[in-house]
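S.K.:
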Amino acid sequence: NWIKELPVDIFSSTSKLYNLTHVKLGSNNITHFSFDLFVKCVALTFVDLQMNQIEHVHGSIKDTRLEFIYFNGNVIRSFPANMFYSNDTDILVLSDNHISIIHPDYLLMPNLKLLGLDRNNLTILGNFTFHHLGKLKRLFVRNNKIAELGALAFEGLEQLEYLFLDNNKVNKVPSGIFKKVKHLKTLSLRQNYILNLDGTMLEGLNSLDTIELDNNMIQTIEKYTFQHFKSLRIVSLQSNHITTIPYGIFGHLRHSLGWIDLKGNNLSALPADLFTGFFKLRKLDISHNNLVNISMELVDGCTNLQLLDLSYNQIKDFNVSLKSNKMLSHLYVANNQLKDAWNIFEHMHLIPSLIHLDLSVNNMTSFGSIPRVLTDISSILHSVNISHNRITYIPENQFYLSRWLQELDMSANRIQTIKDPTFISTDHTGNLNFIVDKENPFVCDCFMRWARNKLNESLCTVPVLSDGAAKRMKDVPARLYLCQIKMKCPEKCECFADTVKEPYVWIHIKCSDKGLEYIPFEIPNTTNVLDVSHNNINQLDSATFHNASCPILQILDLSSCQITALIGNDIFNGFVQLTILNLNNNLIVQLNGEPFKNIFLLHELYISNNSIKTIQDNVFSGLKLLSSLDLEGNRLQNVNLTIFESLDLMLINGNPILKVLGSGHINARGRWESKWSVLPSNNPWDCCRALPLKRWLNSHQSIIPNLVDIHCMRDNLTELVPLFEISDSNLTCIPEPPIPFQQTSYFHAIIGVLVVVSLILTTVLLFKRFESHIKLKFFIWFGWRFDRIDNSNKQYDALLSYSGLNGDWVRDELLKKLEEAGYKLCLHERDFRAGEPIMDNINNAIDNSKRTIIVLSNEFLQSGYALYEFIKSHDDWVRGERDPVILVLYDPLDTLDEDDLAKHPSLETYLSTRTYLARNNKYFWENIILAMPRRRRQRDPDNNGNDGLMLAAI
1 NWIKELPVDI FSSTSKLYNL THVKLGSNNI THFSFDLFVK CVALTFVDLQ MNQIEHVHGS
61 IKDTRLEFIY FNGNVIRSFP ANMFYSNDTD ILVLSDNHIS IIHPDYLLMP NLKLLGLDRN
121 NLTILGNFTF HHLGKLKRLF VRNNKIAELG ALAFEGLEQL EYLFLDNNKV NKVPSGIFKK
181 VKHLKTLSLR QNYILNLDGT MLEGLNSLDT IELDNNMIQT IEKYTFQHFK SLRIVSLQSN
241 HITTIPYGIF GHLRHSLGWI DLKGNNLSAL PADLFTGFFK LRKLDISHNN LVNISMELVD
301 GCTNLQLLDL SYNQIKDFNV SLKSNKMLSH LYVANNQLKD AWNIFEHMHL IPSLIHLDLS
361 VNNMTSFGSI PRVLTDISSI LHSVNISHNR ITYIPENQFY LSRWLQELDM SANRIQTIKD
421 PTFISTDHTG NLNFIVDKEN PFVCDCFMRW ARNKLNESLC TVPVLSDGAA KRMKDVPARL
481 YLCQIKMKCP EKCECFADTV KEPYVWIHIK CSDKGLEYIP FEIPNTTNVL DVSHNNINQL
541 DSATFHNASC PILQILDLSS CQITALIGND IFNGFVQLTI LNLNNNLIVQ LNGEPFKNIF
601 LLHELYISNN SIKTIQDNVF SGLKLLSSLD LEGNRLQNVN LTIFESLDLM LINGNPILKV
661 LGSGHINARG RWESKWSVLP SNNPWDCCRA LPLKRWLNSH QSIIPNLVDI HCMRDNLTEL
721 VPLFEISDSN LTCIPEPPIP FQQTSYFHAI IGVLVVVSLI LTTVLLFKRF ESHIKLKFFI
781 WFGWRFDRID NSNKQYDALL SYSGLNGDWV RDELLKKLEE AGYKLCLHER DFRAGEPIMD
841 NINNAIDNSK RTIIVLSNEF LQSGYALYEF IKSHDDWVRG ERDPVILVLY DPLDTLDEDD
901 LAKHPSLETY LSTRTYLARN NKYFWENIIL AMPRRRRQRD PDNNGNDGLM LAAI
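Position 831 (the sequence shown) corresponds to 831 in UniProt numbering; numbering is contiguous.
1) With a threshold of 16 other CB atoms inside 10 Å of the CB of A478, please say whether the residue is buried or exposed.
2) Taking only beta-carbon positions, decide if L896 is within less than 9 Å of chain C.
3) Give the secondary structure of R934 by DSSP, where H, G and I count as helix, E and B as strand, and everything else as coil.
4) Buried or exposed for I260, going by 16 or more other Cβ atoms inside 10 Å?
5) Can you give the Cα-Cα distance for N52 and N29, rounded to whole angstroms?
6) Please report the straight-line C-alpha distance between G670 and P395, rounded to a whole angstrom.
7) As a quick exercise: from I355, V320 and N706, pick the residue whose alpha carbon is nearest that of L405.
8) If you compare alpha carbons, which of H98, Y312, V333 and M327 is closest to V320?
9) Verify whether the separation of the beta carbon atoms of L693 and N730 is less than 9 Å.
10) With N111 and T89 assumed to form a contact (beta carbons below 8 Å), what rounded beta-carbon distance in angstroms separates them?
11) My understanding is that S207 touches S231, with C-beta atoms under 8 Å, so please give their C-beta distance in whole angstroms.
12) Whole angstroms are fine: how far does the CA of E491 sit from the CA of C460?
13) Measuring straight from C-alpha to C-alpha, what distance separates H665 and T915?
14) Name the residue from S549, N585 and F496 whose alpha carbon lies nearest to the alpha carbon of N536.
15) Identify the continuous beta strand (DSSP E) that holds N343 and give its terminal residues.
16) Between E836, C495, M201 and S792, which has its C-alpha nearest N528's C-alpha?
17) Measuring straight from C-alpha to C-alpha, what distance separates A147 and A153?
18) Could you give the residue range of the alpha helix (DSSP H) that holds K135?
19) Report the partner residues of W685 according to the DSSP bridge assignment.
20) What residues match up with Y865 in a beta bridge as DSSP calls it?
21) Identify which residue in W506, E813 and L6 has its Cα closest to the Cα of I552.
22) Nearest to L310 by CA position, among I249, K263 and N304, is which residue?
23) Is R390 helix, strand or coil by DSSP?
24) Sorted by chain position, which residues of the same chain lie with C-beta nearer than 7 Å to I704's C-beta, five sequence neighbours on each side aside?
25) Would you list, in sequence order, the uninterrupted beta strand (DSSP E) runs of no fewer than 3 residues that lie entirely inside the region 835-916?
26) For W259, report the span of its alpha helix (DSSP H) as first-last.
27) Would DSSP call N266 helix, strand or coil?
28) For I643, which residues in the same chain have their Cβ closer than 7 Å to its Cβ, ignoring the five residues on either side in sequence?
29) Do M348 and I391 have their C-beta atoms closer together than 9 Å?
30) Could you work out which residue in K454, L307, K471 and T303 is closest to K323 when comparing CA atoms only?
31) Assuming the contact rule is C-beta atoms closer than 8 Å, N72 and A43 should be a hit. Round their C-beta distance to whole Å, please.
32) By how many angstroms is the C-alpha of S95 removed from the C-alpha of R119?
33) Roughly how far, in whole angstroms, is the beta-carbon of E869 from the beta-carbon of T852, given that I think they are within contact range, below 8 Å?
34) With a 10 Å radius around its C-beta and 16 neighbouring C-beta atoms as the bar for buried, classify Y247 as buried or exposed.
35) Could you spell out where the beta strand (DSSP E) holding K24 opens and where it closes?
36) Inspect the beta-carbon positions of S533 and S559 and report whether they are closer than 9 Å.
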């Protein structure tokens with residue numbers, strides 16, 4: 001609700017409230033409160049006033065029976081002396097207020113069990129602060145600003161069990177401060193400024209179970225710091241600056257310690273048997289230190305150890321004996337400098353409870369030993385992380401002991417090949433998730449065929465292909481997972497097979513890109529794939545394959561071989577099992593006869609990107625099983641559609657469900673899913689003869705995957721339009737009858753007029769084309785100018801805008817020449833008014849100048865004020881308020897910094913669309929004078945008209 005003030009008689013106005021036990025007024029806007037409101041509520045035990053705006057509290061709880069009082073989340077700064085006097089209160093929560101001091105006599109609550117003072121403004125806990133709270137068990141004073149503890153601050157708290165002083169500013173704990181707190185179980189001093197630990201500081205804490213000193217500034221720990229503890233179970237010292245751990249510091253706690261946290265310190269070494277024999281130790285975290293060497297006996301005898309974290313150190317050799325750690329389930333040695341994990345895998349059989357093993361980010365080049373089986377106990381290992389190492393090889397049977405392995409992270413290593421995963425137990429019942437990422441240089445050879453469906457998103461290179469590009473494993477056909485073999489291979493060729501040893505089931509002969517001018521001799525008759533692509537075969541005829549017989553050849557690749565013609569019908573004799581023929585990217589001009597007659601089992605024929613203009617009717621007649629025909633990117637203008645009759649027959653016989661001879665509206669944008677395809681796209685089809693082709697496409701749209709790329713050419717069609725979008729009326733051309741020639745008297749007149757008009761137009765066009773050159777020549781030869789006279793009354797003819805680093809040339813040459821020619825120029829270092837803002841000077845100079853001359857250089861691009869002068873002048877010109885900018889290249893255009901130029905698109909655009917002047921041009925001075933404003937002719941008595949520069953100024 002939004003209650004701001006409580007009426008004085010709110011709880012006493014009716015007798016029905018006498019039995020009230022609970023009052024909840026939390027999350028309102030109450031600003032003042034008095035316990036006197038509850039005087040008549042004799043049964044009241046619970047009051048909740050948290051999350052209000054209470055600043056002042058009055059009254060007393062002395063005459064009440066309140067057991068639970070919640071004032072947290074207000075703005076209380078202090079409370080009266082007699083307010084909290086009660087024998088009945090168990091819990092008092094004053095957290096999240098603004099309390100800055102607790103007076104020793106203000107809390108008289110001998111039966112209080114819990115006191116909450118978290119997140120206040122306390123700066124000191126003085127002596128006897130809580131001495132009237134004899135039965136207090138839990139004290140929370142976290143997130144304050146306490147910097148000082150009185151030596152008797154906790155005097156009287158003899159039954160205190162939990163003390164939380166986290167996130168304060170304590171830098172020293174007085175000796176003996178806990179002497180009287182004999183029943184304390186948990187002491188938490190996290191996030192303070194404690195520098196050292198000694199034996200007197202924790203004296204008297206005989207019953208302590210947990211001590212938490214994380215995130216302090218502890219540098220040294222005395223050997224007898226923990227001597228008073230008898231049953232300490234948890235020690236947390238993480239994120240300090242500890243450099244050494246004294247020998248034997250925990251020795252007397254072997255029977256009790258269960259968790260030791262030394263994470264995030266500066267430890268460089270540990271005593272050899274620091275944790276030896278700690279049979280109750282379950283978790284040991286020494287990560288994020290500087291450890292280099294670890295003793296073999298580090299955890300010897302820790303029979304109940306479940307977690308050992310040594311990650312983020314500098315350990316080079318892992319020699320820790322794990323033979324007694326049969327309960328170890330989590331082992332982390334990540335981010336070290338391990339060269340191998342020999343000791344871990346050598347004794348894997350001795351740690352049957354291991355679930356998670358993390359060896360990531362090390363320098364391992366190998367795992368080490370393959371585990372030995374000495375017992376009948378099988379490992380329950382679930383996950384192994386060996387990522388970000390230098391591993392090149394994973395031995396077979398490495399993880400065969402674990403039937404439960406679910407995740408193996410091998411990413412970011414140097415693994416090229418993983419053999420058939422026999423390292424997984426045959427009775428493995430889980431689903432192994434390989435994480436290999438793209439950071440392994442996998443090679444998709446015959447050993448990796450098993451991984452095609454398991455590591456399908458991983459990238460690999462394919463040895464049998466020439467491009468060397470990385471591909472997703474699932475995109476590599478199974479027939480390309482091959483290994484190079486040592487068999488009698490044709491000269492200049494490489495042989496690959498599905499296995500490294502005979503018998504071979506699949507043989508791939510690779511002769512691509514060898515500069516061959518003929519097909520190699522002695523091709524094995526057991527060849528399944530022959531790749532002779534990217535050579536110079538020139539033509540195919542009956543002698544091309546030397547009468548070789550390849551009865552089981554299934555794939556023949558002749559792409560990019562400069563083939564110009566297929567001569568004869570016996571080219572492919574002996575290739576009776578051929579199913580794929582690739583003739584893409586050659587120079588074939590026409591297909592005649594029946595060159596494919598003897599390969600009647602052919603399924604896929606690729607002849608794209610040739611120069612084919614004609615295809616005879618019977619070329620494909622023998623290909624009854626053809627399912628894919630690629631004619632894309634040729635020069636076909638028209639074909640007899642009977643060449644596709646064999647395709648119609650194949651489609652009807654091979655897939656009776658697919659109707660291809662019907663008609664209907666072409667849906668070129670729909671999804672194409674047919675396994676049959678004909679690709680006639682990207683050919684210059686003749687629109688005048690394309691109506692039969694359109695109708696054929698309409699009835700066969702299910703097998704045309706790229707209808708939108710099929711266009712036709714016609715004179716009245718100025719842009720490419722998909723054939724299926726052109727109306728039938730535009731796909732027939734009726735020739736117009738010739739008009740008889742009649743010679744009349746008007747004929748010669750018309751011809752004469754046309755000639756004169758043509759000459760005039762030609763002259764005008766030439767003048768427009770070379771206007772600037774013509775004007776320049778007239779100016780040089782005769783001093784003529786054709787631009788308008790500038791009658792504006794501006795103070796300057798031009799403003800010079802340049803970088804100071806180019807000033808020598810500007811002042812000594814450009815300024816001098818132009819002023820000698822009679823022009824008045826504005827120079828910033830000479831003409832700007834002293835004491836005025838720079839931007840005002842620039843704007844005034846631009847407004848009072850007829851032109852702006854920009855001297856463009858790399859230094860100019862670095863000058864903010866110079867660039868502003870260009871932008872301002874350019875914007876004024878765009879708005880029509882001034883003449884164009886005169887752009888002078890101080891540096892050649894190709895030497896200008898492209899990145900700096902790209903930051904100023906208006907300047908970049910100006911350079912690409914307007915004429916600029918280069919200072920090294922031989923006509924530079926004539927050009928710049930011609931670009932300056934034209935003035936009325938004035939007679940110079942000292943000049944006879946022979947000085948070109950003075951003449952130009954007129």
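The beta carbon of each residue, even a glycine, is placed where N, CA and C say it ideally should be.
M.R.: The structure says:
1) exposed
2) Chain labels in this structure do not include chain C; a single protein chain is all it has.
3) strand
4) buried
5) 5 Å
6) A caution first: G670 carries a pLDDT of 38, below 50, which makes its placement in the model unreliable, though a value can still be read off. One C-alpha to the other measures close to 50 Å.
7) I355
8) V333
9) no
10) 7 Å
11) 7 Å
12) 28 Å
13) Note that H665 scores 37 on pLDDT, short of 50, meaning its location in the model is unreliable; the coordinates nonetheless yield the value given after this. Each residue's alpha carbon lies about 55 Å from the other.
14) N585
15) Not the beta strand (DSSP E): N343 falls in the alpha helix (DSSP H), residues W342 to E346.
16) C495
17) 13 Å
18) First-last for K135: undefined, no H or E at that position.
19) C712
20) DSSP output for Y865 lists no bridge partner at all.
21) W506
22) K263
23) coil
24) V678 and L697
25) 849-856 and 886-889
26) Unbroken run through W259 is the beta strand (DSSP E), W259 to D261; no alpha helix (DSSP H).
27) coil
28) I615, D617, V619 and F620
29) no
30) T303
31) Rounded, the Cβ-Cβ distance is 24 Å, inconsistent with contact.
32) 6 Å
33) 7 Å
34) exposed
35) H22 to K24
36) yes
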